[in-house]
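Just below is one structure, and these are the notes that go with it.
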Amino acid sequence: MFDITFLSKENDTKYVYQTCWGFTTRSIGIMVMTHSDDKGLVLPPRVAPKQVVIIPILRKGDQDKLLQYIREIEVLLSNCDIRVEVDDRDIYTPGWKYTDWEMRGIPLRIEVGMREVESTTCKIVRRDNGESYMVNKDELHATVPTLLQTIQDTLYNNSKRSFEENVIECTTWDTFLQSIHDGKLALSPWCGSIPCENTITQRSTVHMDSSTDEPESKDSTTGKISDQNSGDREVEPAKKIIAGAKSLCIP
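If you want it as structure tokens, here you go:
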């Protein structure tokens with residue numbers, strides 16, 4: 001990983017070009033873990049197989065008129081290069097479909113009933129934050145692309161902020177250890193040598209293991225943990241890292 005060189009055509013010693021991304025299907029897993037919530041997937045619009053789902057709220061006797069209106073919306077959005085699907089399955093209720101598509105993570109849901117047909121509007125619901133909007137049909141060609149871009153930017157900015165909040169710049173050994181203990185990434189200067197890395201790994205492992213050295217007891221009734229210095233005061237179970245700190249490449 002470190003100090004790998006080669007002899008160039010110019011007879012100069014140069015470092016190899018390398019990447020440690022492992023950027024394959026694991027990127028899908030990272031996306032799911034980063035953006036999703038308890039309701040299911042939350043897909044960024046750029047990678048969502050379908051960006052918009054249109055759900056009809058059917059009423060007996062109005063199906064033809066309602067579906068015709070929905071098809072017009074479908075064509076309008078398709079002409080804007082938006083990936084859209086109409087969920088016209090008649091064996092499920094609209095509420096069931098809402099939950100189903102939330103679980104699938106589709107970025108925008110459009111709900112259309114006869115009230116919307118009569119007012120030439122539709123209701124748009126965002127998957128990422130649940131906000132809803134009533135939009136005129138003739139404004140969809142501008143509103144929907146804007147909302148999709150807004151969702152894309154929001155997910156990116158939230159993820160970027162979370163990443164930055166969890167990378168801690170450390171210039172002392174104590175702050176380095178505290179960052180690891182808190183489950184953060186510690187950004188620290190070091191010499192880059194293998195012996196130094198091994199020392200860091202060993203010392204951080206010893207430190208983290210030592211946090212569990214204090215005798216502790218667990219109440220079989222309450223499940224609370226106490227130690228000899230805290231009396232009856234409830235204390236948090238010590239965090240333990242199986243392996244010590246290891247270096248990561250920063251391009």
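Residue numbers (UniProt numbering): 1 to 251.
Every residue, glycine too, gets a C-beta built ideally from N, C-alpha and C.
- Ranked by Cα distance from residue 166, the options 186, 174, 47 are led by 186.
- Within the model, the alpha-carbon separation for residue 64 versus residue 184 is close to 57 Å.
- Between residue 136 and residue 150 a beta carbon distance of about 18 Å is seen, past the 8 Å cut, so the two are scored as non-contacting.
- In the DSSP annotation of this structure, residue 16 is not part of any alpha helix (DSSP H), being labelled neither H nor E.
- If only uninterrupted alpha helix (DSSP H) runs of at least 4 residues are considered, those enclosed by the stretch 83 to 130 are 94 to 104, 114 to 119.
- Counting only residues of its own chain and dropping the five nearest sequence neighbours on each side, residue 88 has a CB closer than 7 Å to the CB of 56, 67.
- Boundaries of the beta strand (DSSP E) harbouring residue 186: 185 to 187, taken from the DSSP string.
- Rounded to whole angstroms, the separation of the alpha carbons of residue 86 and residue 69 is 12 Å.
- In terms of Cβ geometry, residue 108 and residue 126 form a close pair [threshold 8 Å].
- Per DSSP, residue 166 is not a residue of any beta strand (DSSP E), being assigned neither H nor E.
- Taking C-alpha positions only, residue 45 is separated from residue 128 by approximately 11 Å.
- Under the three-state reduction of DSSP, residue 54 is assigned to strand.
- Counting only residues of its own chain and dropping the five nearest sequence neighbours on each side, residue 15 has a CB closer than 6 Å to the CB of 5.
- With a beta-carbon spacing of about 4 Å, residue 244 and residue 201 fall inside the 8 Å limit used to define contacts.
- By the neighbour-count criterion, in which 16 or more other beta carbons inside 10 Å mark a residue as buried, residue 35 falls on the buried side.
- Around the beta-carbon of residue 60, fewer than 16 other beta-carbon atoms lie within 10 Å, marking it exposed.
- For the pair residue 139 and residue 47, the Cα-to-Cα distance works out to about 24 Å.
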